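In this note's numbering, each residue's number is its place in the sequence shown (first place is 1) plus 193. C-beta: ideal position from N, C-alpha, C; glycine also. Being a predicted model, the structure only gives us computed values, none of them experimental. Please read the structure below before turning to the comments.
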Amino acid sequence: MAAERSGHLLLSSHSAAQDFKCFFPEYKQTKTHVVQFSPNITLADFDIARRTLESAKKQSLADRGYFYLPNQFWIHKNHKVVLEALKKVSSDIKVVATGYTSDHRNASHFSELQSFIEEYNLQDKFVVLGLVSRDEVMSLMAGAIAVINPSFFEGWSTTVEEAKVFGKRMILSDIPVHREQCGARAHYFEPNDANTLGVLLEQMYKAKGEILEHSINDSASYRNLELSQKRFADGYLNALEHLYDDTLLGSKDNDK
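Written as structure tokens, this is what we have:
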């Protein structure tokens, strides 16, 4: 393990650092460094988002509005709670889901989700696109009422960071890392609480007119990205400085 070889370990969140200490107590002497990464969003991504919104505004409000769930179809990503919530909500509410549909740790997982969708006739409410291009991800995020992440576990969610940059509404499972990432900026539900998730979906769908009329604010988005990049750079430099100081101290000790 890297922690054993160097005595230092880079982690993506304070939540992950706590998990490391909990699950690997034998490495309690290891120095952990948290570097919260920044999303790789480019000017081209901003342009795609802008064009998506301009095109959407040409449609009637009734034809617009979906929730976006950009998670791989792995069992810990917890798509099931979204399906359970969709059983309880208005037939107009739709979730668009993208991501890899194979889980090597649970080969039957995706087929079980599909069976559930068919059993409860959720085909029009839960639309699976599978793997899509980066451009399509940016476009889907821009046009969504809100971004959903129902995961049981995350290290540091890339899609949450992207949604933050674009100023999107977020509906997130109430797990420590999501609180660390978003604080009061998101709406939360317990990972197994389909009822609360359903209420949040209904509330946001009813407000979709107001939500979708607010275009992505370029200047605010650029500022969000700059702050995210600065946080990452500061964290990384801080980790390198600590590593350098320890290496230098060790070298001096060896010279004695």
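Does the distance from the C-beta atom of residue i to that of residue j stay below 9 Å?
| i | j | result |
| --- | --- | --- |
| LEU405 | ILE310 | no |
| GLU347 | HIS380 | no |
| ALA278 | ALA387 | yes |
| SER344 | HIS269 | yes |
| SER231 | SER421 | yes |
| HIS302 | TRP267 | yes |
| TYR259 | GLY336 | yes |
| VAL358 | LEU418 | yes |
| ASP439 | LYS224 | yes |
| SER366 | GLU383 | yes |
| GLU395 | ILE286 | yes |
| ASP238 | ARG362 | no |
So residue i and residue j are supposed to be a Cβ contact under 8 Å. How far apart are they, rounded?
| i | j | result |
| --- | --- | --- |
| HIS226 | HIS201 | 7 Å |
| GLN229 | ARG424 | 6 Å |
| THR291 | VAL325 | 5 Å |
| LEU203 | ALA400 | Not quite, the Cβ-Cβ distance comes to about 40 Å (not below 8 Å), so this is no contact. |
| LEU322 | ILE364 | With 8 Å as the limit, LEU322 and ILE364 do not qualify as a contact, their Cβ atoms being about 19 Å apart. |
| VAL289 | TYR313 | Not confirmed; about 18 Å, so no contact. |
| PRO218 | THR352 | That belief does not hold up - the Cβ atoms of PRO218 and THR352 are roughly 32 Å apart, past 8 Å. |
| GLN265 | TYR293 | 5 Å |
For residue i, count neighbouring Cβ atoms within 10 angstroms of its own Cβ and tell me buried if that reaches 16, exposed if not.
| i | result |
| --- | --- |
| GLN222 | exposed |
| CYS375 | buried |
| HIS297 | exposed |
| SER414 | buried |
| SER248 | exposed |
| ASN299 | exposed |
| PHE216 | exposed |
| SER332 | buried |
| LEU390 | buried |
| ASN342 | buried |
| ALA209 | buried |
| TYR437 | exposed |
| LEU236 | exposed |
| LEU430 | exposed |
Margin query: Using 8 Å as the cut-off, can you tell me whether the region 268-275 makes contact with the region 238-250, which would need three or more C-beta pairs spanning the two stretches below that distance?
Written below: Result no; under three Cβ-Cβ pairs closer than 8 Å.
Is it the case that the region 276-284 contacts the region 302-318, given that we only count it when at least three CB pairs across the two stretches are under 8 Å?
By the Cβ test, the region 302-318 is in contact with the region 276-284, since at least three Cβ pairs between them sit closer than 8 Å.
Quiz item: What residue ranges within the region 225-251 form continuous alpha helix (DSSP H) runs of no fewer than 4 residues, ordered along the chain?
Solution: Counting whole runs of 4 or more residues, the region 225-251 contains the alpha helix (DSSP H) stretches 236-249.
Exercise. Can you check the region 359-420 for any alpha helix (DSSP H) of at least 4 residues that lies completely inside it and give the ranges in chain order?
Key: Whole alpha helix (DSSP H) segments, 4+ residues: 369-375, 387-399 and 401-406.
Of all the alpha helix (DSSP H) runs that stay within the bounds of the region 255-318, which reach a length of 4 or more residues? Listed in chain order, the alpha helix (DSSP H) elements of length 4 or more contained wholly in the region 255-318 are 272-279 and 302-312.
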